[in-house]
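**Q**
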Ligand SMILES: Cc1ncc(COP(=O)(O)O)c(C=O)c1O
């Protein structure tokens with residue numbers, strides 16, 4: 074196969090449904106269609122395994138763990154449109170679509186009316202020619218708590234939860250109030266909204282990082298983290314994992330295609346030029362050679378970027394691999410960047426860092442920190458964060474931005490409305506953690522277990538993958554109609570999508586009880602209509618509970634104390650200091666008489682970065698090295 078710029082022709086992965094959403098380009102199984110589901114014969118399920126690290130080193134790379142289609146029923150590949158279905162199924166599907174359209178008539182009208190002008194990428198997400206007539210987004214009238222109401226007045230218990238943003242439910246009162254108050258005061262840019270600094274403090278303290286900067290979107294946060302890593306290391310190349318998603322900018326729209334050993338980096342979507350992605354090192358979680366590949370290239374890298382828990386595959390966790398990557402990156406001065414846009418603060422107050430017991434260098438946060446308006450953050454160690462402001466300098470002394478500063482800016486960054494919403498969300502998170510995460514994770518786990526049992530009991534061909542408070546529901550067979558389940562469920566008043574689903578603090582036990590009943594009815598209705606085939610394979614659901622160390626008090630090692638520069642507390646000069654000061658007044662050189670010379674001989678190759686860091690730490694530790702005198706010599710700070 075010769076290289077080509079069209080990743081779709083490369084066939085490294087099975088063909089995928091048309092979707093403009095890069096998340097759907099992730100390692101998803103092919104869903105072949107099939108002709109006559111009435112004469113379907115179940116074949117044994119395919120192997121389903123979730124942990125790529127189980128393949129022994131040196132073994133042939135394990136097949137890609139694509140959780141999803143596991144029960145191949147027959148040859149579905151010829152079903153492309155309604156006409157290809159057997160008459161009974163076709164009638165059942167048409168009857169269902171009429172009911173669905175009837176219930177959501179105004180949403181469809183809106184979608185239709187706007188089509189002429191609005192090229193909405195979402196309008197083709199999950200498109201199927203089979204049920205084209207109901208391929209439209211619900212238009213929402215309002216939302217509150219765990220519920221949304223559509224323009225037809227239907228109420229839904231929601232599990233999409235604004236892509237995970239709505240950790241506290243939709244429109245929580247405390248955020249509404251904060252935003253309304255700010256709206257009164259205005260939304261002017263280019264002045265500092267005071268709460269922005271407070272957001273940074275909360276994020277730094279919760280994440281265990283030295284400092285924080287703000288951005289608008291998750292994409293920008295990951296972009297900023299990578300830029301900081303490149304600035305600090307002076308290297309350009311980054312390593313990413315083939316199935317991770319880091320946002321929609323060109324450099325992250327990359328997929329790995331196997332050519333001989335390793336993966337070749339190619340654009341993941343039309344519109345991205347190859348030269349922008351080909352310098353990435355693309356890694357594969359499944360490949361036992363991954364660490365060896367990484368080690369071969371580690372000296373060229375500025376950063377390894379990881380989505381530590383993919384919301385698309387929440388069960389697919391790689392603690393050992395990530396720990397090894399940490400060891401390697403630390404040894405070679407490469408930044409380890411966690412993209413925690415989805416799971417940060419949701420899984421645990423310290424997110425994946427605590428979940429895996431691994432300390433990152435930079436973490437990108439978004440979604441649930443934002444309180445619903447665009448705001449994201451980069452938290453990191455000072456060595457990297459100084460790329461944003463030249464390092465920690467103070468007023469009233471001789472310090473100034475020393476480090477190389479890169480360009481990172483945007484018109485709407487820290488706009489007061491977003492800041493008000495995010496401040497409300499982060500304050501609430503700070504106040505309620507870690508109980509909030511513990512309770513939510515426990516409630517979600519119970520819910521996932523009950524769903525799993527429901528699927529087994531009803532033999533529904535649905536695959537639940539869950540962890541912390543998010544889950545994915547995937548078809549377990551290759552019957553294209555199984556994907557209609559979300560529409561059946563919507564008719565029962567529960568909103569899920571073929572994408573990550575989330576619980577919020579507002580999903581009560583009664584709500585979850587109600588959801589279970591809705592799932593049961595939707596399964597029953599689909600089976601009664603002959604649109605869902607009973608599952609005949611083993612239990613393939615995958616639910617990963619929090620690691621045991623997060624159940625009780627945390628034994629995870631505390632991150633190294635961030636370098637603290639105390640408040641410039643003032644005090645009179647000591648006698649010795651006064652002498653230095655007076656000498657300095659005579660002549661700057663005279664004060665040098667007080668310097669004590671020491672020589673340290675370093676042998677072996679010099680790593681300037683480590684040396685710089687060591688000096689920085691010494692200065693961070695010893696207040697005396699940061700002490701300055703007031704110009705009139707009256708006090709020190
Ligand atoms: C893991 C991850 N990283 C980055 C992003 C990009 O965030 P945004 O859509 O806010 O730009 C997303 C969005 O879903 C995400 O899930």
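Numbering (my numbering), first residue to last: 74 to 710. Beta carbons: idealized from backbone N, C-alpha and C, even for Gly. These numbers come from a predicted model, not from an experiment.
#1: Taking the C-alpha atoms as reference points, what is the distance between residue 104 and residue 556?
#2: Give a single yes or no on whether residue 285 has its beta carbon closer than 8 Å to a heavy atom of ligand 2.
#3: Name the one or two DSSP bridge partners that residue 222 has.
#4: Note down the Cα distance separating residue 685 from residue 420, rounded to an integer number of angstroms.
#5: Of the choices 312, 682, 456 and 481, whose alpha-carbon is the least far from that of residue 282?
#6: Skipping 5 residues on each side, what residues in its chain have a beta carbon closer than 6 Å to that of residue 470?
#7: Which stretch, first to last residue, makes up the beta strand (DSSP E) that contains residue 538?
#8: What separation, rounded to the nearest whole angstrom, lies between the Cα atoms of residue 468 and residue 703?
#9: Could you compute how far the alpha carbon of residue 117 sits from the alpha carbon of residue 550?
#10: Tell me whether residue 290 is buried or exposed, calling it buried when 16 or more other Cβ atoms sit within 10 Å of its Cβ.
#11: Check this for me: beta carbons of residue 458 and residue 699, under 9 Å apart or not?
#12: Tell me the start and end of each unbroken beta strand (DSSP E) in the segment 290-315 that is at least 3 residues and wholly inside, in chain order.
#13: Look at the alpha carbon of residue 690 and the alpha carbon of residue 244, and state the distance between them as a whole number of angstroms.
#14: If you count every other CB in all the chains shown that lies within 10 Å of the CB of residue 536, and 16 or more means buried, which is it?
#15: Of the choices 253, 296 and 445, whose alpha-carbon is the least far from that of residue 216?
#16: I'd like to confirm something about residue 451: is its beta-carbon nearer than 8 Å to some heavy atom of ligand 1, or not?
#17: Is residue 437 closer than 9 Å to residue 414 when the C-beta atoms are compared?
#18: Since residue 603 is in the alpha helix (DSSP H), which residue starts that stretch and which ends it?
#19: Do you know offhand how far residue 532's Cα is from residue 608's?
#20: Less than 9 Å between the beta carbons of residue 460 and residue 478, yes or no?
#21: Please go through the segment 344-426 and give each complete alpha helix (DSSP H) segment of 4 or more residues, from N-terminal end onward.
#22: Suppose you measure from the CA of residue 131 to the CA of residue 409; what does that come to, to the nearest Å?
#23: In chain order, which alpha helix (DSSP H) runs of at least 4 residues are fully inside the segment 425-452?
#24: Does ligand 1 have a heavy atom nearer than 8 Å to the CB of residue 255?
#25: For the beta strand (DSSP E) that contains residue 547, what are its first and last residues?
#26: Select from 706, 567, 181 and 575 the residue whose C-alpha is nearest the C-alpha of residue 440.
#27: What first and last residue would you give for the beta strand (DSSP E) that runs through residue 286?
#28: Figure out for me which residue from 502, 508, 447 and 351 has the closest Cα to the Cα of residue 483.
#29: Can you give me the C-alpha to C-alpha distance between residue 264 and residue 485, rounded to a whole angstrom?
#30: Closer than 6 Å by C-beta to residue 503: which residues in its own chain qualify, once you throw out the five before and the five after it? Chain order, please.
#31: Less than 9 Å between CB atoms is the rule here; does residue 271 satisfy it with respect to chain D?
#32: Out of 363, 581, 435 and 155, state which residue places its alpha-carbon closest to the alpha-carbon of residue 201.
#33: According to DSSP, is residue 260 part of a helix, a strand, or is it coil?
#34: Write down the C-beta distance between residue 374 and residue 310 rounded to the nearest angstrom, noting that I regard them as a contact closer than 8 Å.
#35: Residue 348 to residue 644, Cα distance in whole Å?
#36: Flag this pair as touching only if the segment 504-520 and the segment 326-345 have three or more C-beta atom pairs under 8 Å; answer yes or no.
**A** Checking against the coordinates, here is how it stands:
#1: Your numbering for residue 104 matches position 31 in the chain shown. Your numbering for residue 556 matches position 483 in the chain shown. Since pLDDT at residue 104 reaches only 28, below the 50 mark, its modelled position is unreliable, and the value read off the structure follows with that caveat. Whole-angstrom Cα-Cα distance: 10 Å.
#2: In the structure shown, ligand 2 is absent; the only ligands present are ligand 1.
#3: Locating residue 222 in the chain shown gives position 149, counting from the first residue. In DSSP, residue 222 forms a bridge with 215 and 228.
#4: Counted from its first residue, the chain shown places residue 685 at position 612. Counted from its first residue, the chain shown places residue 420 at position 347. Rounded to whole angstroms, residue 685 to residue 420 spans 35 Å at the Cα level.
#5: Along the chain shown, read from residue 1 onward, the residue named residue 282 stands at position 209. That would be 456, whose Cα lies nearest to the Cα of residue 282.
#6: Taking the first residue of the chain shown as 1, we reach residue 470 at position 397. 701.
#7: Taking the first residue of the chain shown as 1, we reach residue 538 at position 465. Residue 538 -> beta strand (DSSP E) spans 535-540.
#8: Taking the first residue of the chain shown as 1, we reach residue 468 at position 395. Taking the first residue of the chain shown as 1, we reach residue 703 at position 630. Between residue 468 and residue 703, the C-alpha separation is close to 11 Å.
#9: Along the chain shown, read from residue 1 onward, the residue named residue 117 stands at position 44. Along the chain shown, read from residue 1 onward, the residue named residue 550 stands at position 477. Because residue 117 carries a pLDDT of 31, less than 50, the predicted location of this residue cannot be relied on, and the following value inherits that uncertainty. Approximately 11 Å between the Cα atoms of the pair.
#10: The count along the chain shown starts at 1 and reaches residue 290 at position 217. Around the CB of residue 290, 16 or more other CB atoms lie within 10 Å, so the residue is classed as buried.
#11: As a first step, residue 458 is located in the chain shown; it is residue number 385 there, counting from the start. As a first step, residue 699 is located in the chain shown; it is residue number 626 there, counting from the start. It is not a contact, given that the beta carbons lie outside the stated cut-off.
#12: Counting only unbroken stretches of 3 or more residues, the beta strand (DSSP E) elements lying wholly within the segment 290-315 are 310-314, in sequence order.
#13: Reading the chain shown from its first residue, position 617 is the one you call residue 690. Reading the chain shown from its first residue, position 171 is the one you call residue 244. Each residue's alpha carbon lies about 44 Å from the other.
#14: The residue you call residue 536 lines up with position 463 of the chain shown. Residue 536 comes out buried.
#15: Numbered from 1 along the chain shown, position 143 holds the residue referred to as residue 216. If we check each option's Cα against that of residue 216, 445 comes out closest.
#16: Counting from one through the chain shown, the residue named residue 451 turns up at place 378. No.
#17: Position 341 of the chain shown, counting from 1, holds the residue named residue 414. Position 364 of the chain shown, counting from 1, holds the residue named residue 437. Cβ atoms of residue 414 and residue 437: closer than 9 Å.
#18: In the chain shown, the residue the question calls residue 603 occupies position 530. Segment: none, residue 603 is in no alpha helix (DSSP H) and carries neither H nor E.
#19: As a working note, residue 532 is residue 459 in the chain shown. As a working note, residue 608 is residue 535 in the chain shown. Computed Cα separation, rounded: 5 Å.
#20: On the chain shown, residue 460 is found 387 positions in, with the first residue counted as 1. On the chain shown, residue 478 is found 405 positions in, with the first residue counted as 1. Against a cut-off of 9 Å, the Cβ pair of residue 478 and residue 460 comes out as a contact.
#21: As far as the segment 344-426 is concerned, its whole alpha helix (DSSP H) runs of at least 4 residues are 347-350, 363-370 and 392-404.
#22: Along the chain shown, read from residue 1 onward, the residue named residue 131 stands at position 58. Along the chain shown, read from residue 1 onward, the residue named residue 409 stands at position 336. Because the pLDDT at residue 131 is just 33, under 50, the model does not fix this residue reliably, and the value given afterwards should be weighed accordingly. Rounded to whole angstroms, residue 131 to residue 409 spans 26 Å at the Cα level.
#23: The segment 425-452 contains no whole alpha helix (DSSP H) run of 4 or more residues.
#24: Locating residue 255 in the chain shown gives position 182, where the first residue counts as 1. Outside the cutoff, so no.
#25: Here residue 547 is taken as the residue at index 474 of the chain shown, counted from 1. Residues 543-548.
#26: Here residue 440 refers to the residue found at position 367 of the chain shown. Looking from the CA of residue 440, the closest CA among 706, 567, 181 and 575 belongs to 575.
#27: Along the chain shown, read from residue 1 onward, the residue named residue 286 stands at position 213. For residue 286, the enclosing beta strand (DSSP E) covers residues 284-288.
#28: Reading the chain shown from its first residue, position 410 is the one you call residue 483. When C-alpha distances from residue 483 are compared across 502, 508, 447 and 351, the shortest belongs to 447.
#29: As a position in the chain shown, residue 264 is number 191, starting the count at 1. As a position in the chain shown, residue 485 is number 412, starting the count at 1. About 11 Å.
#30: The residue given as residue 503 occupies position 430 in the chain shown. Its chain contains 275 as the residues whose beta carbon lies nearer than 6 Å to that of residue 503, once the 5 sequence neighbours on both sides are disregarded; these appear in chain order.
#31: Going by chain labels, chain D is absent from the structure shown, which holds only one protein chain.
#32: In the chain shown, residue 201 corresponds to position 128, counting from 1. The closest CA to that of residue 201, considering only 363, 581, 435 and 155, is found on 155.
#33: The residue labelled residue 260 in the question sits at position 187 within the chain shown. Reduced to three states, the DSSP call for residue 260 is coil.
#34: Within the chain shown, numbered from 1, the residue matching residue 374 stands at position 301. Within the chain shown, numbered from 1, the residue matching residue 310 stands at position 237. The pair is a contact, with the Cβ atoms about 5 Å apart (cut-off 8 Å).
#35: On the chain shown, residue 348 is found 275 positions in, with the first residue counted as 1. On the chain shown, residue 644 is found 571 positions in, with the first residue counted as 1. Between the C-alpha atoms of residue 348 and residue 644 there is a straight-line separation of about 58 Å.
#36: The answer is no - the segment 326-345 does not touch the segment 504-520, with fewer than three Cβ pairs under 8 Å.
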